[in-house]
Amino acid sequence: MLSSQDLKLAAARAAIDYIEPCLKPDVVIGVGTGSTADLFIDALGSHRSRFRGAVASSERSAVRLRAQGIEVLDLNAVQSMPVYIDGADEINAKLQMIKGGGGALTREKIVASVAERFICIADDSKLVAQLGAFPLPVEVIPMAREAVARSLAQLGGKPALRAGFTTDNGNEILDVAGLAILDACLLESVINALPGVVTNGLFALRPADVALLATQDGVRRL
Ligand code: 5RP
């Protein structure tokens, strides 16, 4: 029986195999945040001489990339990126995701938006029929926290401030339980339009292109 850690490692290694053909000396790749992304970064280290460097979706991942000898570039210095590799808190069959359990959702969405392909890596416990059992992270500008929380409650959610957490952008996170996510694209747009919201953790308007989901019987590609 493979442990959760073994499964994450299998997904991370599958992502290395998947992106290998696009590693070239001038290529920059996008790298996400979380425990699965950490394993991907570690596995990427032995390939560091085959590509130019990476854009990180968090300070945490930037530190880990540098520890592997991988150059970390500012996104403003990068014009194109063939792939972005990241984990997810939930993913459905349409490859729409909830992300942001690690609090890096805004930078994740920004880096992913520049990449040609989003490769989601996870163990298959993250695959769900319906998004929303995992509380939806919403990054808010601190002065707007209570106003945004009231609006999220009107949408049917139960927002809770992530205590003691500040994002890399200096903001706060509301974790919103209880939302009925029937139309993920619509809800993503509605929440993003609330004044004071920086972004929310629904990745539906721009879903993943490929999911590499590790199971007890091998890695499944969706
Ligand atoms: C961080 C994220 C992560 O991708 C998500 O939380 C999954 O993390 P893990 O690989 O540790 O399960 O969105 O903001």
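Those letters in the sequence shown? Residues 384 to 605, by our numbering.
Note that CB positions come from ideal geometry on N, CA and C, so glycine has one too.
Query	Result
Quick one: give me the first and last residue of the beta strand (DSSP E) that aspartate 469 is part of.	464-469
Which partner residues of threonine 582 appear in the DSSP bridge assignment?	Glu522
Return helix, strand or coil for lysine 541, following the three-state DSSP convention.	strand
Decide if phenylalanine 548 is buried, meaning its Cβ has at least 16 other Cβ atoms within 10 Å, or exposed.	exposed
Is the closest heavy atom of ligand 1 to the C-beta of glutamate 374 under 7 Å?	In the structure displayed, the chain extends from 384 to 605; residue 374 sits before or after that span and is not available.
For a test of the three-state rule: what should DSSP assign to threonine 549, helix, strand or coil?	coil
Measuring alpha carbon to alpha carbon, tell me which residue in Ser386, Ala394, Met384, Asp389 is nearest arginine 603.	Ala394
Give me the Cα-Cα distance between threonine 416 and glutamine 537, rounded to the nearest whole angstrom.	31 Å
Nearest to valine 497 by CA position, among Tyr467, Gln513, Leu427, is which residue?	Tyr467
May I ask you to check if the CB of lysine 482 is nearer than 7 Å to at least one heavy atom of ligand 1?	yes
Does the Cβ of threonine 416 lie closer than 7 Å to at least one heavy atom of ligand 1?	yes
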